[in-house]
Structures are given as structure tokens and as C-alpha cells.
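In what follows, a single structure is set out as C-alpha cells and then discussed.
2 protein chains.
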Amino acid sequence: MKQVDGLSIGEVAERVGIRASAIRFYERAGLLEAPPRNNGQRRYDAAVVAKIRLIQTAQQAGFTVGEIRALFYEFPVDMPPSARWQQMATHKLAEIDVMLARITSMKTLLERALRCECPSLDDCAAGLDTPESQ
Amino acid sequence: MKQVDGLSIGEVAERVGIRASAIRFYERAGLLEAPPRNNGQRRYDAAVVAKIRLIQTAQQAGFTVGEIRALFYEFPVDMPPSARWQQMATHKLAEIDVMLARITSMKTLLERALRCECPSLDDCAAGLDTPESQ
DNA sequence: TTAATACTTAAACCGCAGTTTAAGTCAAGG
DNA sequence: CCTTGACTTAAACTGCGGTTTAAGTATTAA
């Protein structure tokens, strides 16, 4: 019987749906604090599950691991979380808009390619670059 | 006086606005054929400029180097360019739409984060995941 | 002759977010 | 005692699109 309290890294991993290797990586990357150990093995408090879910949410919003570390640990201690999110989110939104513009122009280009009738790849590309054809 | 005919790799690079190393990389990657050499140095026909522009257009449309190689060299020889573009473009458009959806959901998440008032990061993330607000 | 300039190669490196591998430790169960 | 299974580490590997580096060659101008 295992009756050491706290969750093993495998149990945490299963609860949040990631691999144990990812959790070790987050620790190395400074996103998670090193937990106490039992026989050399990490023992986690249940709260770590919420923290990892928070990491996942931030990732869904497009933040990199470095940015998430900044969000968690590199703001002035007296800065409220809402202000932290807002400052990061404002920067990230600008990046997102750039990506959106890029994706949109790819899409336009591809839609034009779909209507292409050119006899050679070269002609075709020339036409695509300069949208003369409606 | 240099009167060997053909362009040097540096001249080609300058005309298309990329580094010589990129041209060598395209050759290695099978996008450009190895040109004849003079004193061991590559000598390009002016047509390579159009070919690299074509590569650039394909890149703008979101194709990877592997996909561009396929577009150029891995279709049945009797398949017209328009059909090649169209087949590739159809696949790529589906990928683009997936990206677009991802970017859009990032944006939504971030916009919600901007309006967040939560007192703790954990609460905030919980609220963001489940859009109860507004 | 010498120095500057442009080229040549193979191999290592970049960022990103982890994953995989090798080699080992530990506790429980049969 | 031995196997099984989950854990430990550091280091190397993944894919992508090139860039950088080290070491060497060739041409040109002064």
C-alpha cells in the first residue's frame, strides 16, 4: 500500500492529461516549484492540478513558457492578477493580430491559386503575386 | 573583370533578397537543381531568379519546403501546374482554416482576459475557461 | 606580394516545447 | 530472491527553415 501523502508525478500527469516529462519540464522551466520528495520521488499537493490547468489556459491563449513564467513570477508582487493578465494580453493581442493578418493573406493567395488556369507554374505564380485576375 | 557568364550565388541572393546560405539550403532540400560551376563556384542562369520568386510565393501561401518540392517535382509529369496548385491549395486551405480557428479562439480568450477583474490568477483562469461572464 | 573579397564544404547551432533514452533507484508482491 | 512498475537524472533528440562557423580556395586590385 502506498500511503505516503501527496500525488505522484504520474498521478498528476494523468489528472491533467499530460505526460510526466512535461511536468518535469515545467519545473525546469520555472513554471512549477520543486515539490517535496519521498524516497527521491516528487510528492505533489492537489493544488498543483489547478496550477497546471492555469498553465494550459495560458498556453491556449498563445503564451509561451517564458511568458507564462513572467506572468506567474516576474511581476511586482503588489500587482493584481487582473493587471498582470491585462498587460500580457494586450501585447499578445497585437501579436495575434499580426498572425491573423498573415493567415488571412495566405488564405487569399490560396483561394486565388484554386482559380488558377495558368499553363506553367511560373506564370501562375506571377499572376498570384499581382492580383490582376479578379 | 569577371566575364564568366551566369550569376554568382551572391548576385542571385541579392536580386531576390535572401542570403546565399538560403540558396544553398534550397539546393540541399531539393528545391533548386545544382547549377554548373566555374572554378568550383555556382553559376546561375537568370531563370533561377523566377524560380526563387516562385518558392517565395509558395512560402507566403503557407507551404513548407517539403510541400514546395512536391509541387515542383513530385507530381505526375503530365499534370498541369494549375491542377498541382489546386490539389496542394485545397489541402492547405483546410489547414489554414484550422489555424484560423485556433488564432480566433486565442483572441477571444485574450479579450476576455482583458476584461478580467478576478482577485487571483486561479479564479481568473477558471472564469476564462468557462465563459460565464458576458 | 599581399590583402581584400567572394566563394566552397560539412557540421554545429538557433528557438520552441517538450519527448526519448540510457542507466539507475526504490518499494511492493509473489 | 526476483520481477514488475513507477520513479530518478542528464543529455540527446524531434521538426522547421535556415544561419553560423571553421577551415580552405580562387580571383582581383594595389
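Chains as they are written, first to last, in this note's numbering: chain A, 18 to 151; chain B, 18 to 151.
Ideal placement from N, C-alpha and C gives every residue a C-beta, glycine not left out.
Owing to the predicted nature of the structure, the values given are computational and were not obtained by experimental measurement.
If you measure between the beta carbons of residue i and residue j, is that distance less than 8 Å?
i	j	result
Ala106 of chain A	Leu131 of chain B	yes
Leu126 of chain B	Phe89 of chain B	no
Met123 of chain A	Ala111 of chain B	no
Val82 of chain B	Val29 of chain B	no
Ser99 of chain B	Cys135 of chain A	yes
Ile120 of chain A	Ile120 of chain B	yes
Val94 of chain B	Asn55 of chain B	no
So, at 7 Å on beta carbons, what are the nonlocal neighbours of residue i in its own chain, with the 5 sequence-adjacent residues on each side left out?
i	result
Pro53 of chain B	Arg60
Ala37 of chain B	Ile26, Gly27, Ala30
Ile113 of chain B	Gly79
Checking the sheet assignment: what are the DSSP bridge partners for residue i?
i	result
Asn55 of chain A	A:Gln58
Between residue i and the rest of its own chain, which residues show a CB-CB distance below 8 Å, the 5 nearest in sequence each way excluded?
i	result
Arg86 of chain A	Ala46, Gly47, Leu48
Val33 of chain A	Val66, Ile69, Arg70, Gln73
Glu84 of chain A	Ala75, Met105, Lys109
Arg101 of chain A	Leu88, Phe92
Glu50 of chain A	Glu44
Arg41 of chain B	Ile26
Val115 of chain A	none
Shorter than 8 Å from the beta carbon of residue i to some beta carbon of chain B?
i	result
Ile113 of chain A	yes
Glu134 of chain A	yes
Ile69 of chain A	no
Ala130 of chain A	yes
Arg40 of chain A	Note on residue identity: the sequence assigns Ile, not Arg, to residue 40 of chain A. No - not a single Cβ of chain B is within 8 Å of the one on Ile40 of chain A.
Leu24 of chain A	no
Ala78 of chain A	yes
Gln103 of chain A	yes
Thr107 of chain A	yes
By Cβ distance below 6 Å, which residues in the same chain neighbour residue i in space, the five residues on each side in sequence not counted?
i	result
Leu24 of chain A	Tyr61
Nearest chain A C-beta to residue i closer than 8 Å, yes or no?
i	result
Ala87 of chain B	no
Pro98 of chain B	yes
Glu31 of chain B	no
Ser137 of chain B	yes
Gly34 of chain B	no
Leu48 of chain B	no
In the structure shown, what three-state DSSP assignment does residue i receive?
i	result
Leu24 of chain B	strand
Met96 of chain A	coil
Ala32 of chain B	Here residue 32 of chain B turns out to be Arg, not Ala, going by the sequence shown. Helix at Arg32 of chain B.
Gly83 of chain B	helix
Ala63 of chain B	coil
Leu126 of chain B	helix
Ala106 of chain A	helix
Glu44 of chain A	helix
Arg132 of chain A	coil
Ser38 of chain A	helix
Ala78 of chain A	coil
Leu117 of chain B	helix
Leu49 of chain B	coil
Glu91 of chain A	coil
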